[in-house]
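Visitor: Provided herewith is a single structure, encoded as structure tokens, for subsequent inquiry.
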Amino acid sequence: MEPLLILFLVPMAVGIAAVCVFHDARHASVAATLACALVIYLSLQWLDPGGTYTGLAAFLVLPLPLALALGAVIIGHGRSQSRRRHHHRDA
Numbered sequence: 000m001e002p003l004l005i006l007f008l009v010p011m012a013v014g015i016a017a018v019c020v021f022h023d024a025r026h027a028s029v030a031a032t033l034a035c036a037l038v039i040y041l042s043l044q045w046l047d048p049g050g051t052y053t054g055l056a057a058f059l060v061l062p063l064p065l066a067l068a069l070g071a072v073i074i075g076h077g078r079s080q081s082r083r084r085h086h087h088r089d090a
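For the sequence shown, numbering that gives the first Met the number 0 assigns the number 0 to the initial residue and increments by one for each residue that follows.
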């Protein structure tokens, strides 16, 4: 149950919290990325006080939680509108 909580639910909660705190998608995504990395590292340290897991273990599992946190930010802000380029024709 703990891996499910740490790898899936906590990153999504971090992403949702970042959306609630920062109303700009760019700031929310940066905050979610940094907070998620810190939470994953601290949770591995908390679950293994003996020191079996190192920072390398946190680094190796980090892509999945980061993707979930950033996905929560993107979903929280809605689908971004694509920028349309207007082409001007010279006569």
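In this text, a Cβ means the ideal position worked out from N, Cα and C, and glycines have one as well. Small disclaimer: the values here were computed from a predicted structure and weren't measured.
Around the C-beta of LEU55, are 16 or more other C-beta atoms found within 10 angstroms, so that it is buried, or is it exposed?
Guide: Exposed, since its Cβ has fewer than 16 Cβ neighbours within 10 Å.
Visitor: Since I believe CYS35 is in contact with PRO164 (beta carbons under 8 Å), could you give me their beta-carbon distance rounded to a whole number of angstroms?
Guide: Nothing can be reported for residue 164, as the shown portion of the chain is limited to 0 through 90.
Visitor: Is THR32 buried or exposed, if buried means 16 or more other CB atoms sit within 10 Å of its CB?
Guide: The residue is buried, with at least 16 neighbouring Cβ atoms inside 10 Å.
Visitor: How far does the alpha helix (DSSP H) with HIS124 in it reach, from first residue to last?
Guide: With the chain covering 0 to 90 only, the question about residue 124 has no answer from this structure.
Visitor: How many angstroms separate the CA atom of SER81 from the CA atom of LEU69?
Guide: Bear in mind that the predicted position of SER81 carries a pLDDT of just 48, short of 50, making it too unreliable to give a figure here.
Visitor: Could you tell me the boundaries of the alpha helix (DSSP H) in which HIS26 lies?
Guide: Its alpha helix (DSSP H) spans residues 24 to 46.
Visitor: Along the chain, where does the alpha helix (DSSP H) containing ILE15 start, and where does it finish?
Guide: Run containing ILE15: 9 to 20, per the alpha helix (DSSP H) assignment.
Visitor: Assign VAL20 to buried or exposed, taking buried as 16 or more other Cβ atoms, counted over all protein chains shown, within 10 Å of its Cβ.
Guide: VAL20 comes out exposed.
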